[in-house]
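Residue numbers (UniProt numbering): 1 to 353.
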């Protein structure tokens with residue numbers, strides 16, 4: 001009988017606590033990450049750049065690269081810039097766009113990636129996926145998991161509240177995504193990875209049931225851990241299934257149909273999750289999810305992020321086209337425009353406008 005039945009791809013270091021950045025130099029000196037101290041540090045021109053002065057003395061062998069945005073071109077340019085540097089690792093320091101650019105660039109040049117997020121906007125900080133804007137809109141690219149994740153909760157407290165709230169919506173949407181996965185198993189025979197599902201579900205439930213808010217360090221600890229676990233769940237399953245169902249299809253529809261008006265990823269996913277739960281007949285769960293999202297200041301109606309009811313209906317109708325081959329409650333019901341309108345009207349009544 002084998003002793004090791006599965007090796008789980010995961011970071012060798014996960015440090016989530018107040019003051020974690022004070023020990024970043026020690027984390028990076030780990031022989032498994034950097035034996036020479038030569039590091040390429042990708043930073044934004046915002047939160048990352050502000051931390052450079054603080055961190056630079058502890059990283060004397062680092063070269064700093066300012067990344068303009070979160071596009072595929074930015075990531076390719078970063079990879080080209082660091083290719084000739086003979087570095088041990090890439091460090092992504094900043095928001096989600098910088099982390100994704102750094103993940104893609106590190107994969108392109110064959111280096112490990114250390115993620116040091118400055119907000120908790122979504123679960124991409126530890127996922128095997130880099131989401132980048134491209135000429136066709138927005139694409140998802142497979143990359144290795146970060147080799148380390150360092151999250152300083154003191155820094156998170158200083159992040160814009162909207163971006164931290166968005167992470168709540170992304171984490172909670174796991175619950176809807178797992179329900180879609182189970183539906184695909186029952187109807188289509190799709191195989192479920194039970195470990196990945198358990199990790200993602202419990203991550204979402206921990207955030208959903210926690211009584212605290214973004215001003216509480218204890219809540220931020222739970223949220224950060226949930227987002228890391230969501231990324232690991234995707235690595236365990238080998239795709240985004242544990243954290244992406246109808247909720248994310250609706251999110252992607254907003255991005256593609258209204259690219260200049262789309263809200264934060266987690267805001268759209270949370271709204272999509274609450275509506276998807278209602279679609280599958282889990283009305284009490286949908287109402288509770290909407291209540292929690294509202295408590296955290298997240299949208300549960302499209303008008304709260306600048307979309308009309310008709311635009312939301314259009315997004316729901318278009319959503320299945322964003323993930324061909326993925327089976328969720330949207331593909332299962334195959335609703336007409338009028339049916340979506342009717343169910344949406346019932347949803348609004350159920351959660352209260």
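No residue lacks a Cβ here, since even glycine has one placed at the ideal position from N, Cα and C.
Per DSSP, the unbroken alpha helix (DSSP H) holding residue 154 starts and ends at 153-158. At the C-beta level, residue 120 and residue 227 come within 7 Å of one another. The distance from the Cβ of residue 61 to that of residue 78 is about 18 Å, inconsistent with a contact at the 8 Å cut-off.
Residue 337: member of the alpha helix (DSSP H) spanning 337-351, first to last residue. Cβ-Cβ separation between residue 172 and residue 208: approximately 5 Å, consistent with a contact (criterion under 8 Å). Excluding the 5 residues flanking it on each side, residue 37 has same chain C-beta neighbours closer than 6 Å at 61, in chain order.
Counting only the Cα atoms, residue 196 lies some 6 Å from residue 242.
Taken in chain order, the complete alpha helix (DSSP H) segments of 4 residues or longer contained in the segment 18-70 are 24-28 and 47-55. With fewer than 16 other beta carbons inside 10 angstroms of its own, residue 338 counts as exposed. Here the segment 65-72 does not lie against the segment 15-29, with fewer than 3 beta-carbon pairs under 8 Å apart. Secondary structure of residue 117 (DSSP, three-state): strand.
By the C-beta density criterion, residue 237 is buried, having at least 16 other C-beta atoms within 10 angstroms.
Just measuring C-alpha positions, the residue of 158, 150, 124 and 135 sitting nearest residue 142 is 124. Spanning the alpha carbons of residue 219 and residue 145 requires a straight line of approximately 24 Å.
Taking residue 45 as the centre and dropping the five residues before and after it, the same chain places the C-beta of 66 closer than 7 Å to its C-beta, in chain order. Using a Cβ-Cβ distance cut-off of 8 Å, the segment 149-167 and the segment 176-186 are not in contact, since fewer than three pairs of beta carbons, one from each stretch, lie closer than that value. Residue 260 counts as exposed, since fewer than 16 other C-beta atoms from the protein chains shown sit within 10 angstroms of its C-beta. Residue 308: not part of any beta strand (DSSP E); DSSP gives it neither H nor E. In this structure residue 89 is buried. Its beta-carbon is surrounded by 16 or more other beta-carbon atoms within 10 angstroms.
Taken through DSSP and simplified to helix, strand or coil, residue 261 comes out as coil. Three or more Cβ pairs closer than 8 Å define a contact, and the segment 288-304 falls short of that threshold against the segment 186-194. Comparing alpha-carbon positions, the option among 106, 63, 305 and 112 lying closest to residue 32 turns out to be 112.
The C-beta separation of residue 35 from residue 187 comes to about 51 Å, leaving the pair out of contact by the 8 Å criterion.
Between residue 100 and residue 27, the alpha-carbon positions lie close to 21 Å from each other.
Listed as beta-bridge partners of residue 231 by DSSP are no residues whatsoever.
In this structure the segment 310-320 lies against the segment 239-258, because at least three pairs of beta carbons, one per stretch, are closer than 8 Å.
Within the segment 138-190, complete alpha helix (DSSP H) segments of at least 4 residues are found at 153-158 and 161-188, given in chain order. Of the candidates 312, 266 and 281, the residue whose Cα lies closest to the Cα of residue 296 is 266. In this structure, the beta-carbon distance from residue 329 to residue 274 does not fall below 7 Å. With a cutoff of 7 Å on beta-carbon distance, residue 48 and residue 98 are scored as near each other. Annotated three-state conformation of residue 72 is helix, per DSSP. When secondary structure is reduced to three states using DSSP, residue 293 falls in the helix class.
Excluding the 5 residues flanking it on each side, residue 75 has same chain C-beta neighbours closer than 6 Å at 101, 104, 105 and 132, in chain order. Per DSSP, residue 208 is one residue of the alpha helix (DSSP H) stretching across 194-209.
Close CB contacts of residue 107 within its chain, under the 7 Å cut and outside five residues either way in sequence, are with 143 and 144 (chain order).
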